[in-house]
Amino acid sequence: MSSEMMKILEMIQEGKLTAAEGMDLLKAVEEGNAQKESGPIYDSPLLLKKELSGDRFLRVRVVGEKSLKVNVNVPLSLIRSASKLVVYAMSFVPADKREELEKKGLDLKDLDVEGLARILEDSLDGRIVDVEVADPTEGKIKVEVYVE
Numbered sequence: 002m003s004s005e006m007m008k009i010l011e012m013i014q015e016g017k018l019t020a021a022e023g024m025d026l027l028k029a030v031e032e033g034n035a036q037k038e039s040g041p042i043y044d045s046p047l048l049l050k051k052e053l054s055g056d057r058f059l060r061v062r063v064v065g066e067k068s069l070k071v072n073v074n075v076p077l078s079l080i081r082s083a084s085k086l087v088v089y090a091m092s093f094v095p096a097d098k099r100e101e102l103e104k105k106g107l108d109l110k111d112l113d114v115e116g117l118a119r120i121l122e123d124s125l126d127g128r129i130v131d132v133e134v135a136d137p138t139e140g141k142i143k144v145e146v147y148v149e
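Mind the numbering: the sequence shown is residues 2 to 149 in this note's numbering, read in order.
So this is what it looks like as structure tokens:
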């Protein structure tokens, strides 16, 4: 059994995770290990790009009148996988910091990171955010966030 799996089981035993959360994390670890063992080996970035081309992406673009400022493309499958790790990582936030966040109105237990990933992947298509700003030095700047 891997050290990640042992840590998850310890966290269930200590009450830091529910049994259901622990099972989800164990499944994610198993899927990750299976993908490592049987996944494709990429000899070049072109092969990686070709493999990912069937995936949908969360895209963030910031374009000024003069140039492209930001261009981020994140595969939704990566967001889905990362969401499981975020749930796991939140359990390591110290109690005093959790209390500090709660006083500011943010309860980490209420964050549904996996739900957000599901919404991005299953429900959204097309433009999510579209903002135009007039900057005195850069001119018109356009911010777009969309799923494609």
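Cβ coordinates follow ideal geometry from the N, Cα and C atoms, glycine included.
Only buried fits residue 29, as 16 or more other CB atoms lie within 10 angstroms of its CB.
The shortest C-alpha to C-alpha distance from residue 11 to any of 74, 89, 85 is the one to 89. Scanning its chain for C-beta atoms nearer than 6 Å, with the 5 sequence neighbours on each side dropped, one finds around residue 85 the residues 29, in chain order.
Rounded to whole angstroms, the Cβ separation of residue 121 and residue 59 is 6 Å, and the two are in contact under 8 Å.
Taking a 10 Å sphere around the C-beta of residue 107, we find fewer than 16 other C-beta atoms and assign the residue as exposed. The shortest C-alpha to C-alpha distance from residue 83 to any of 103, 100, 116 is the one to 116. Residue 97: member of the alpha helix (DSSP H) spanning 96–104, first to last residue.
If you look at residue 109, you'll find it isn't in any alpha helix (DSSP H); DSSP assigns it neither H nor E. Distances from the alpha-carbon of residue 129 to those of 138, 146, 56 put 146 closest. In the structure shown, the three-state DSSP call for residue 123 is helix. Partner residues in the beta bridge of residue 76, as assigned by DSSP, are 58. Residue pairing from DSSP places residue 136 in a beta bridge opposite 140. In the three-state reduction of the DSSP assignment, residue 26 falls in the helix class.
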